[in-house]
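S.K.: Below is one structure. I have some questions about it.
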Amino acid sequence: MPFNLSTRRTFVAGAGLAAAMPLLASCGGGVVEARKERTFRVSKTDAQWRRELSRSEYRILREAGTERAYSSPLDNEKRAGTFTCAGCNNRLYSSAHKYDSGTGWPSFWRSIDSGAVETSTDYNIGYPRTEVHCADCGGHLGHIFGDGPQPTGKRHCINGVAMDFIPA
Ligand SMILES: [Zn+2]
Numbered sequence: 005m006p007f008n009l010s011t012r013r014t015f016v017a018g019a020g021l022a023a024a025m026p027l028l029a030s031c032g033g034g035v036v037e038a039r040k041e042r043t044f045r046v047s048k049t050d051a052q053w054r055r056e057l058s059r060s061e062y063r064i065l066r067e068a069g070t071e072r073a074y075s076s077p078l079d080n081e082k083r084a085g086t087f088t089c090a091g092c093n094n095r096l097y098s099s100a101h102k103y104d105s106g107t108g109w110p111s112f113w114r115s116i117d118s119g120a121v122e123t124s125t126d127y128n129i130g131y132p133r134t135e136v137h138c139a140d141c142g143g144h145l146g147h148i149f150g151d152g153p154q155p156t157g158k159r160h161c162i163n164g165v166a167m168d169f170i171p172a
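If you count the sequence shown from 1, position 134 lands on 138 in my numbering, and the numbers rise without skipping.
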């Protein structure tokens, strides 16, 4: 579908758009153009990523794919610990902020700190959504929706394949 490019490439500072989403939408998928236009601290060629990542990790992190709901063991991970980026080991989420959203994807009401993840807007399924990616390597993680628990009201809907879990 022919979206206006300048609109597609608009970054948002936060997850404000997600608040307008009434639906308990899935993590969604599709290539996020905005993310590809800047250089991240961890920057590799496509060939390097293909070599270093598993096929499913590559599909999620580099092609903004979406894993099947309830397919990741991390959805049920209840131990204390830290969730890191499967692409670059950046610390992304803490078990302290994880909750069971019932969606089948690991869900968090905030990232581990303010610099861990970044967001962009995607229109892959026809309306704007807040895409969330690793701040260090740009790897796609999932989306942020506005139906999470307090105190943030946010739901970071994250593909388990995009993360590794380090028990505390
Ligand atoms: Zn990363």
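The beta carbon of each residue, even a glycine, is placed where N, CA and C say it ideally should be.
#1: Throw me the rounded Cβ distance for the E71 and G164 pair, which I believe falls under 8 angstroms.
#2: Look at G108 and A73 and say whether their C-beta atoms are less than 8 angstroms apart.
#3: Out of G91, T156, T43, R45, state which residue places its alpha-carbon closest to the alpha-carbon of Y103.
#4: In angstroms with no decimal places, state the Cα-to-Cα distance between R225 and F169.
#5: Would you grab the beta carbon distance between I129 and T86 for me? Rounded to a whole angstrom, and I think it's under 8 angstroms.
#6: Would you list the one or two residues that DSSP bridges to P132?
#7: Roughly how far, in whole angstroms, is the beta-carbon of C138 from the beta-carbon of G106, given that I think they are within contact range, below 8 angstroms?
#8: Buried or exposed: where does Y131 fall if 16 or more other Cβ atoms within 10 Å of its Cβ makes it buried?
#9: Over the uninterrupted beta strand (DSSP E) stretch that includes L96, give me the two end residues.
#10: Ligand 1: which residues have Cβ under 5 angstroms from any of its heavy atoms, chain order?
#11: Going by DSSP, what residue range makes up the alpha helix (DSSP H) through R45?
#12: Which whole-angstrom value is the C-beta distance of I162 and F112, which I expect to be below 8 angstroms?
#13: Would you decide whether G143 is buried or exposed? Buried here means 16 or more other CB atoms lie within 10 Å of its CB.
#14: What's the gap between the Cα of T123 and the Cα of P153?
#15: Keeping to the same chain, check which residues put their C-beta closer than 8 angstroms to that of S99; ignore five residues upstream and five downstream.
#16: Check P153 in the structure and name its three-state DSSP category.
#17: Tell me, to the nearest whole angstrom, how far the beta carbon of P110 is from that of S76; I am working on the premise that it is less than 8 angstroms.
M.R.: Taking the structure as given:
#1: For this step, residue 71 is matched to residue 67 along the sequence shown. For this step, residue 164 is matched to residue 160 along the sequence shown. E71 to G164, Cβ: 6 angstroms. Contact.
#2: On the sequence shown, position 104 is the one that residue 108 refers to. On the sequence shown, position 69 is the one that residue 73 refers to. In contact: G108 and A73 (Cβ atoms closer than 8 angstroms).
#3: Indexing the sequence shown from 1 puts residue 103 at position 99. Of the listed residues, the one whose Cα sits closest to Y103 is T156.
#4: Because the chain in this structure spans residues 5 to 172, residue 225 falls outside the shown range and cannot be described.
#5: Within the sequence shown, the letter at position 125 stands for residue 129. Within the sequence shown, the letter at position 82 stands for residue 86. About 31 angstroms; that fails the 8 angstroms criterion.
#6: Mapped onto the sequence shown, residue 132 falls at position 128. Beta-bridge pairing links P132 to no other residue.
#7: Within the sequence shown, the letter at position 134 stands for residue 138. Within the sequence shown, the letter at position 102 stands for residue 106. Wrong, their Cβ atoms sit about 25 angstroms apart, outside the cutoff.
#8: The residue labelled residue 131 in the question sits at position 127 within the sequence shown. The residue is exposed, with fewer than 16 neighbouring Cβ atoms inside 10 Å.
#9: Taking the first residue of the sequence shown as position 1, residue 96 is located at position 92. 95 to 98 is the extent of the beta strand (DSSP E) around L96.
#10: C89, G91, C92, N94, C138, D140, C141, G143
#11: Taking the sequence shown and counting its residues from 1, the one referred to as residue 45 is at position 41. Looking at the DSSP string, R45 is not in any alpha helix (DSSP H), and its letter there is neither H nor E.
#12: Position 158 of the sequence shown, counted from the first residue, corresponds to residue 162. Position 108 of the sequence shown, counted from the first residue, corresponds to residue 112. Between F112 and I162 the Cβ distance is about 7 angstroms, and since that is below 8 angstroms, they are a contact.
#13: As a working mapping, residue 143 is identified with position 139 in the sequence shown. It is buried - the Cβ of G143 has at least 16 other Cβ atoms within 10 Å.
#14: The sequence position of residue 123 within the sequence shown is 119, counting from 1. The sequence position of residue 153 within the sequence shown is 149, counting from 1. The alpha-carbon atoms of T123 and P153 are separated by roughly 19 angstroms.
#15: Translated into the one-based positions of the sequence shown, residue 99 becomes position 95. Hits under 8 angstroms: E81, K82, R83, A84, G85, T86, F87, A172.
#16: As a first step, residue 153 is located in the sequence shown; it is residue number 149 there, counting from the start. Coil.
#17: Counting from one through the sequence shown, the residue named residue 110 turns up at place 106. Counting from one through the sequence shown, the residue named residue 76 turns up at place 72. Contact holds; Cβ gap of about 6 angstroms.
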